[in-house]
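In what follows, a single structure is set out as structure tokens and then discussed.
Residue numbers (the numbering used here): 333 to 418.
Structure below.
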């Protein structure tokens with residue numbers, strides 16, 4: 333699912349699992365700002381029953397996924413650059 337529509341689709345479909353890999357400036361062609369997408373993710377995941385598999389290396393993904401009560405954190409040890417900082 334495109335990042336922009338994740339919260340709405342997750343609400344309507346009620347998935348068992350959601351993978352959040354990254355939120356970076358490469359999404360700017362579809363969204364005004366990555367921070368706004370992270371806010372939508374955070375709000376949409378707060379009431380979700382889905383297990384969220386989230387990239388612990390991306391600060392925006394960490395912030396957004398932390399609203400979910402069911403998170404599995406994964407990391408590759410990548411040091412994130414300024415691109416994903418809010």
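From the three backbone atoms N, C-alpha and C, an ideal C-beta is built for every residue, glycine too.
In this text, all values refer to a predicted model and were calculated from it rather than measured experimentally.
Between residue 352 and residue 383, the CB-CB gap reaches or exceeds 9 angstroms. Out of 380, 333, 340, 370, the CA that lies nearest to the CA of residue 394 is found in 370. The beta carbon of residue 399 is closer than 7 angstroms to those of 374, 377, 378 in its chain, skipping five residues each way along the sequence. In chain order, 370, 373, 374 place their CB closer than 6 angstroms to the CB of residue 396, counting only its own chain and leaving out the 5 sequence neighbours on each side. Residues of the same chain with a CB within less than 7 angstroms of the CB of residue 342, apart from the 5 flanking positions on each side, are 350, 376, 380, 382 in chain order.
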